Amino acid sequence: MSVAEFDPTAPLTPTGNLRRRLIVSRIAVTGATGAALAAVGVLGIVVYAVVKRGASQLSIDFLTKNPPQFPGPGGGIAPAIVGTAVIVGLATAIAMPLGVLIALYLTEFARGSKFAALMRTVLDLMNGLPSIVIAVFVFGLLVVGHGQSGFAAAVALAIIEVPLIARSSQEVLLLVPGHLREAADALGVQRWRSVLGVILPSAMGGIVTGTLLAVARAAGETAPVILLCSLIRPGVHVNAFSVGTGLDTITGGIFIASEQADPYSQARAWGAAFVLLAFILFTSLSARALLNRNRRRLSG
Amino acid sequence: MSVAVRTTRASRPRNRRADRWGDVLIRAICGLACLIALAALAAIAYKLITGAHLAFSKFGLGFLDSSTWKPNFQQFGALPFIYGTAMTSGVALLLALPIGVAIGLYLSLLAPQRLRGVIGPLVEMLAAIPSVILGLWGILILAPFIRDREPGLHNVLGFIPLFGRPQTVGASVFTAALILTIMVIPIIASISRDLFLTVPRELQDGAIALGATQWEVVRGVILPTTASGVVSAGLLGLGRALGEAIAVAQVIGGGNLAHTSLFETGDTMASRIAVQFPGALNELHFASLYYLAVILLVIGLVFNLLAQLISRRFSVERAVSR
Numbered sequence: 002m003s004v005a006e007f008d009p010t011a012p013l014t015p016t017g018n019l020r021r022r023l024i025v026s027r028i029a030v031t032g033a034t035g036a037a038l039a040a041v042g043v044l045g046i047v048v049y050a051v052v053k054r055g056a057s058q059l060s061i062d063f064l065t066k067n068p069p070q071f072p073g074p075g076g077g078i079a080p081a082i083v084g085t086a087v088i089v090g091l092a093t094a095i096a097m098p099l100g101v102l103i104a105l106y107l108t109e110f111a112r113g114s115k116f117a118a119l120m121r122t123v124l125d126l127m128n129g130l131p132s133i134v135i136a137v138f139v140f141g142l143l144v145v146g147h148g149q150s151g152f153a154a155a156v157a158l159a160i161i162e163v164p165l166i167a168r169s170s171q172e173v174l175l176l177v178p179g180h181l182r183e184a185a186d187a188l189g190v191q192r193w194r195s196v197l198g199v200i201l202p203s204a205m206g207g208i209v210t211g212t213l214l215a216v217a218r219a220a221g222e223t224a225p226v227i228l229l230c231s232l233i234r235p236g237v238h239v240n241a242f243s244v245g246t247g248l249d250t251i252t253g254g255i256f257i258a259s260e261q262a263d264p265y266s267q268a269r270a271w272g273a274a275f276v277l278l279a280f281i282l283f284t285s286l287s288a289r290a291l292l293n294r295n296r297r298r299l300s301g
Numbered sequence: 237m238s239v240a241v242r243t244t245r246a247s248r249p250r251n252r253r254a255d256r257w258g259d260v261l262i263r264a265i266c267g268l269a270c271l272i273a274l275a276a277l278a279a280i281a282y283k284l285i286t287g288a289h290l291a292f293s294k295f296g297l298g299f300l301d302s303s304t305w306k307p308n309f310q311q312f313g314a315l316p317f318i319y320g321t322a323m324t325s326g327v328a329l330l331l332a333l334p335i336g337v338a339i340g341l342y343l344s345l346l347a348p349q350r351l352r353g354v355i356g357p358l359v360e361m362l363a364a365i366p367s368v369i370l371g372l373w374g375i376l377i378l379a380p381f382i383r384d385r386e387p388g389l390h391n392v393l394g395f396i397p398l399f400g401r402p403q404t405v406g407a408s409v410f411t412a413a414l415i416l417t418i419m420v421i422p423i424i425a426s427i428s429r430d431l432f433l434t435v436p437r438e439l440q441d442g443a444i445a446l447g448a449t450q451w452e453v454v455r456g457v458i459l460p461t462t463a464s465g466v467v468s469a470g471l472l473g474l475g476r477a478l479g480e481a482i483a484v485a486q487v488i489g490g491g492n493l494a495h496t497s498l499f500e501t502g503d504t505m506a507s508r509i510a511v512q513f514p515g516a517l518n519e520l521h522f523a524s525l526y527y528l529a530v531i532l533l534v535i536g537l538v539f540n541l542l543a544q545l546i547s548r549r550f551s552v553e554r555a556v557s558r
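These protein sequence lines map, in sequence, to chains A and B. The opening residue of the first sequence carries number 2 in the numbering used here; numbering runs sequentially from there. The opening residue of the second sequence carries number 237 in the numbering used here; numbering runs sequentially from there.
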């Protein structure tokens, strides 16, 4: 090997082993990119299918009319929209205070304790429970011996929402700067006043967006409403506490229609799917945007 | 030398009693909320077990390996549904784990910064699609598509018993597994992305400085340091797939028998509960469905706890090594 052989103007091209390694690497990178594009592609295909078949159903009548009494064209999904709104609203009214209080306890009163670790495990376990298991539990708790009701479905959805809200609230509460607490302590403010007057308000934005995400999740749940409030009467109803009859829901309606061969109810199901998907994607996207803004404000 | 500061009566807070009680009260209320959550989990286990009591005493553990399910004759066995659950979630995990991890790698290391902000949320949107809509899409659009492809798969891969003679409907274990794959991918992708972002930058830079290619950095640095986390992501995804009732019920065809072929109909535990619970025929039928729910609960809890144990050990290792 002599110095004279070195030619600085020769192009730097990989050869032999290095070439093989670069090709393997290129293949791996292409594969990963392909996987990401495939996931986005599937999202596109599903959303396109729903929009293509569902958007044409959409009209004022579709949103405000009852479905037809007998199989046939026309009609709307007003009872389902109202029912879903009532059940999800009730569930959130139960779950939000519980979730926020749990998060407060874990961050303000028991931070770093054994109990907090246990509680976090329990929340994760609840989050991982299949919704069908929760539905069967609520069936045994509220429906056996009483009858179906919108309230039973709301309780099941609340059990699904609590860990979500508690987890996201906890994250935001942990971001509340320590000097806010210290300043309140230094002024001699009692703990409960600083919690209610300083900590909670500064985390409120994050808590609300976390709750919105939980609402989006609950609105799309089907198993609880199938088991707990699927016996429905025709027409729009808002009373979730009338025992013996359920409330119509968007997800329940889609599930039942997908099991039938009736093209008209399938068309209505696509329309309902479009309404639901639009609501869920809009809610979760705007919640995520708000969450990012809040996080930046709190930590920055 | 300490200085005693004596406060006068006037400078003390006026509503001291209210303040003291306020502290106790808010602590108690928050603690109560925690106890309610704890009680809920305990109540779920208790209620399911008492609901299944009749089936426990009638069938015992034999329920798990009996394969007759005839509600009219009061005969119940869970084997076909355990098998169907294992098949659908197993295939789903097999497909979703590599794809999900690849997406995680792409989003954490490979993608240009600007694309990350677009593709990341899009993948998370996939997780936000309600299962009932995926199921509707699955039975009305994916199933006919699959039905037309099955003969081809059977011709090419027919020597493997899994790819048996195709059915005419398109509702099959295979379709259900594909739908579950779509549901599990975003879960694994977002967990593994967060995981890969925690790998110390110096380790990767060191490998690159030694001349490693991008793939060699992934193989040699990223995956070994996060292996346990990837396993727990897989377990969480599997837990999700096992418990999914609605989308599976829509596309699996609700068969009573266990088949080797993926192209036959079948049923999973969760889907059987969702379909038969509202119209259960008798007490024993109810109890047997409760029994299925107990099995699901136990499997779900075990997998979740395992995932947590593994990932906690992982984070402890990480904390120590820093």
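Cβ coordinates follow ideal geometry from the N, Cα and C atoms, glycine included. Given the structure is predicted, the values throughout are model-derived calculations rather than measurements.
Enclosing alpha helix (DSSP H) for residue i [first to last residue]
{"i": "Q567 of chain B", "result": "The requested residue 567 of chain B is not part of the displayed model; chain B covers only 237 to 558."}
{"i": "R58 of chain A", "result": "The sequence shown places Gln at residue 58 of chain A, rather than the Arg named in the question. Where Q58 of chain A is concerned, there is no enclosing alpha helix (DSSP H), given that its DSSP letter is neither H nor E."}
{"i": "F513 of chain B", "result": "Note, F513 of chain B: premise wrong, no alpha helix (DSSP H); not H, not E."}
{"i": "N391 of chain B", "result": "379-393"}
{"i": "F410 of chain B", "result": "409-433"}
{"i": "F140 of chain A", "result": "Element bounds for F140 of chain A: n/a, residue is neither H nor E."}
{"i": "N128 of chain A", "result": "115-129"}
{"i": "L99 of chain A", "result": "79-105"}
{"i": "S169 of chain A", "result": "151-176"}
{"i": "H180 of chain A", "result": "179-187"}
{"i": "I227 of chain A", "result": "224-229"}
{"i": "D441 of chain B", "result": "437-445"}
{"i": "F295 of chain B", "result": "289-295"}
{"i": "A258 of chain A", "result": "251-259"}
Per-residue burial, residue i [other beta carbons within 10 Å of its own, 16 or more giving buried]
{"i": "I28 of chain A", "result": "exposed"}
{"i": "G77 of chain A", "result": "buried"}
{"i": "P9 of chain A", "result": "exposed"}
{"i": "I396 of chain B", "result": "exposed"}
{"i": "Q311 of chain B", "result": "exposed"}
{"i": "G189 of chain A", "result": "exposed"}
{"i": "G45 of chain A", "result": "exposed"}
{"i": "T501 of chain B", "result": "buried"}
{"i": "D441 of chain B", "result": "exposed"}
{"i": "I546 of chain B", "result": "buried"}
{"i": "R508 of chain B", "result": "buried"}
{"i": "I133 of chain A", "result": "buried"}
{"i": "A364 of chain B", "result": "buried"}
{"i": "A338 of chain B", "result": "buried"}
{"i": "Q349 of chain B", "result": "exposed"}
Contacting residues, own chain, Cβ-Cβ under 8 Å from residue i (five flanking each side not counted)
{"i": "E452 of chain B", "result": "A443"}
{"i": "G371 of chain B", "result": "I415, I482, A483, V484, A485, Q486, V487"}
{"i": "T496 of chain B", "result": "P397, L398, G400"}
{"i": "F295 of chain B", "result": "S302, F312, G313, S524, Y527"}
{"i": "F242 of chain A", "result": "S150, G151, F152"}
{"i": "S557 of chain B", "result": "Since pLDDT at S557 of chain B reaches only 45, below the 50 mark, its modelled position is unreliable, and no value is offered."}
Closer than 8 Å at the beta carbon, the chain B residues around residue i
{"i": "S26 of chain A", "result": "T449, Q450, W451, E452"}
{"i": "R194 of chain A", "result": "D255, G258"}
{"i": "V30 of chain A", "result": "L346, Q450, W451"}
Chain-order list of residues whose beta-carbon lies under 7 Å from that of residue i (same chain, five-residue window excluded)
{"i": "V511 of chain B", "result": "A485, G490"}
{"i": "M97 of chain A", "result": "I166, T212"}
{"i": "A274 of chain A", "result": "V51, G55, I255"}
{"i": "A555 of chain B", "result": "Caution applies to A555 of chain B, whose pLDDT of 47 falls short of 50 and renders its modelled position unreliable; the value that the coordinates give is listed next. None."}
{"i": "I535 of chain B", "result": "L478"}
Neighbourhood of residue i by C-beta, 6 Å cutoff - its chain only, sequence neighbours within 5 removed
{"i": "T250 of chain A", "result": "A81, G84, T85, V226"}
{"i": "L431 of chain B", "result": "T462, G465"}
{"i": "S238 of chain B", "result": "Here the model assigns S238 of chain B a pLDDT of 49, short of 50, so the residue's position is not dependable, and the following value carries that caveat. Around S238 of chain B: no qualifying Cβ."}
{"i": "S3 of chain A", "result": "At S3 of chain A the pLDDT is 49, less than 50, meaning the model places this residue with poor confidence and gives no usable figure here."}
{"i": "A104 of chain A", "result": "A167, S170, Q171, L174"}
{"i": "L439 of chain B", "result": "V457"}
Chain B residues whose Cβ lies nearer than 7 Å to that of residue i
{"i": "L102 of chain A", "result": "I265, C266, A269"}
Neighbour list for residue i in chain A, Cβ cutoff strictly below 8 Å
{"i": "Y342 of chain B", "result": "A33, T34, A36, A37"}
{"i": "V538 of chain B", "result": "Neighbours of V538 of chain B on chain A: none; closest Cβ ~10 Å, over 8 Å."}
Under 7 Å by beta carbon: chain A residues contacting residue i
{"i": "I458 of chain B", "result": "Neighbours of I458 of chain B on chain A: none; closest Cβ ~11 Å, over 7 Å."}
Listed in chain order, which residues of the stretch 348-366 of chain B have Cβ atoms closer than 7 Å to some Cβ of chain A? Listed by position, the residues of the stretch 348-366 of chain B near chain A (Cβ gap below 7 Å) are I355, P357, L358, V359, M361, L362, A364, I365, P366.
Using a Cβ-Cβ cut-off of less than 9 Å, give me the residues of the stretch 403-431 of chain B that come near chain A, in sequence order. Cβ contacts with chain A: I418, I421, P422, A425.
Listed in chain order, which residues of the stretch 509-532 of chain B have Cβ atoms closer than 8 Å to some Cβ of chain A? If the cut-off is 8 Å between Cβ atoms, the stretch 509-532 of chain B has I509, A510, F513, P514, L525, Y526, A529, L532 near chain A.
Could you list the residues in the stretch 253-272 of chain A with a C-beta less than 9 Å from some C-beta on chain D, going in chain order? Going by chain labels, chain D is absent from the structure shown, which instead holds the protein chains A and B.
Check distances from the C-beta atoms of the stretch 174-200 of chain A to those of chain B and list, in chain order, the residues that come in under 8 Å. For the stretch 174-200 of chain A, which is checked against every Cβ of chain B, the residues closer than 8 Å are G189, Q191, R192, W193, R194, V196, L197.
Against chain A: residues of the stretch 277-295 of chain B by CB proximity under 8 Å: Against chain A - using a Cβ distance shorter than 8 Å - the residues of the stretch 277-295 of chain B are L277, A279, I280, K283, L284, T286, G287.
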